[in-house]
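Residues are numbered in our numbering as their position in the sequence shown, beginning at 1, plus a constant of 4. For reference, the structure discussed in these notes is given below.
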Amino acid sequence: MSEQTAHEALAQFLKIATPRLPDLAFVWHTANESAGGAKSRTGIPLDVLKEARMGAVAGVWDWLYIGHNLCGIFEIAPFHFSGLAIELKSTRAFRADSRGLTDAQIAWRRHYIKHGWYTAVYPEQEWHEAARLLVRWTGGNIEDFDFS
5 MSEQTAHEAL AQFLKIATPR LPDLAFVWHT ANESAGGAKS RTGIPLDVLK EARMGAVAGV
65 WDWLYIGHNL CGIFEIAPFH FSGLAIELKS TRAFRADSRG LTDAQIAWRR HYIKHGWYTA
125 VYPEQEWHEA ARLLVRWTGG NIEDFDFS
């Protein structure tokens, strides 16, 4: 499974699950990956340069939700956190000590935590764990959903 396929699977899950758990409609993906293709003379993909001109910022995590955890998360009481940031990484990158996070992503993680957010990093083949966390976060019961 590729990172893109994992993002697509999570997006499809959210689309299907949102009617039963409406707060999932407020989870969004920050498109800050390069699609590849043409590059500048310095080797930077042109799509990255365009997104930067439009305000994209390096290091922003993949999936974001502004809102409290409505259920307890890992023995932490409901309403403890004010937001959730999820990063999906390639399996190869995830194996690194940093879990594949870039310096910019580590800086954003510090920022999220400083402001009361919970952060989670998953290898791409575990996208369904991110889906489970989102269901619990928004008050759902994971037994009510199919994560395959």
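Ideal Cβ placement from N, Cα and C applies to all residues, glycine included. Keep in mind the model is a prediction, meaning the values are calculated, not measured.
Using only CA atoms, which one of Lys118, Val64, Trp141 and Thr34 lies nearest to asparagine 73? The count along the sequence shown starts at 1 and reaches residue 73 at position 69. Between asparagine 73 and the set Lys118, Val64, Trp141 and Thr34, the nearest pair of CA atoms involves Trp141.
Is there contact here, the stretch 103 to 110 with the stretch 75 to 88, by at least three beta-carbon pairs under 8 Å? no
What did DSSP end up calling valine 139 once you bin it into helix, strand or coil? Translated into positions along the sequence shown, residue 139 becomes position 135. Here valine 139 carries a helix assignment [DSSP, helix/strand/coil].
What span of residues does the alpha helix (DSSP H) with threonine 22 cover, start to end? Along the sequence shown, one-based indexing puts residue 22 at 18. Neither: threonine 22 is in no alpha helix (DSSP H) and is coded neither H nor E.
Cα-Cα, which of Ala29, Ala89 and Asn145 is closest to lysine 118? Start at 1 with the first residue of the sequence shown, and residue 118 comes out as number 114. Ranking Ala29, Ala89 and Asn145 by CA distance to the CA of lysine 118 puts Ala89 first.
Coil, strand or helix - histidine 84 by DSSP: On the sequence shown, residue 84 is found 80 positions in, with the first residue counted as 1. Coil, per DSSP.
Would tyrosine 122 and glutamate 133 qualify as a contact pair, given that the criterion is a beta-carbon distance under 8 Å? Start at 1 with the first residue of the sequence shown, and residue 122 comes out as number 118. Start at 1 with the first residue of the sequence shown, and residue 133 comes out as number 129. In this structure, glutamate 133 does not lie closer than 8 Å to tyrosine 122 by Cβ.
Could you name the residues of the same chain whose beta carbon sits closer than 6 Å to that of alanine 62, not counting the 5 residues immediately before and after it, in chain order? Taking the first residue of the sequence shown as position 1, residue 62 is located at position 58. The answer, listed in chain order, is Ala108.
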